[in-house]
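Asks:
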Amino acid sequence: MAYYKYHIFFCLNQRDDNEQCCNNFGAEDKFNYMKKKLKSLNLYGVNMCRVNRAGCFNRCQEGPLLVIYPEETWYRLLIMKILMKLLRNILTMERKLNAY
Ligand code: FES
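For the sequence shown, the positions run 1029 to 1128 when this note's numbering is used.
1) Tell me which residue opens and which closes the beta strand (DSSP E) that A1082 is part of.
2) Quick one: is the Cβ of G1073 within less than 7 Å of any heavy atom of ligand 1?
3) With a Cβ-Cβ cutoff of 8 Å, do C1050 and L1115 count as a contact?
4) Is R1104 close to ligand 1? I mean its beta-carbon at under 7 Å from any heavy atom of the ligand.
5) Check whether the region 1055 to 1064 touches the region 1076 to 1094, counting contact only when three or more Cβ pairs, one atom from each stretch, lie closer than 8 Å.
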């Protein structure tokens, strides 16, 4: 059994030169938002979700990015609200199924 149901990695790479990087698009703020939101929904911790910092995924032109395991699903952070709704729905559904 997985320790975390969803392990979410945000690229928070910051470049000092003028090359495109995820943190130039507010990745750090979105990382903090998601972590706080998951905690407020009681979806954070063992058997739930974990949000971690990551370095460059080498997909900088597509950023800002995050990836969720174990599904290995990539998201652009532009759809944060959709992602939060998706996570909440999945975990709520699983709680209901486990209650039977
Ligand atoms: S800076 Fe985010 S993928 Fe490279």
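Beta carbons: idealized from backbone N, C-alpha and C, even for Gly.
Predicted model only: the values in this text are computed from it and were never measured.
Replies: On the basis of the coordinates in this document:
1) C1077 to A1082
2) no
3) no
4) no
5) yes
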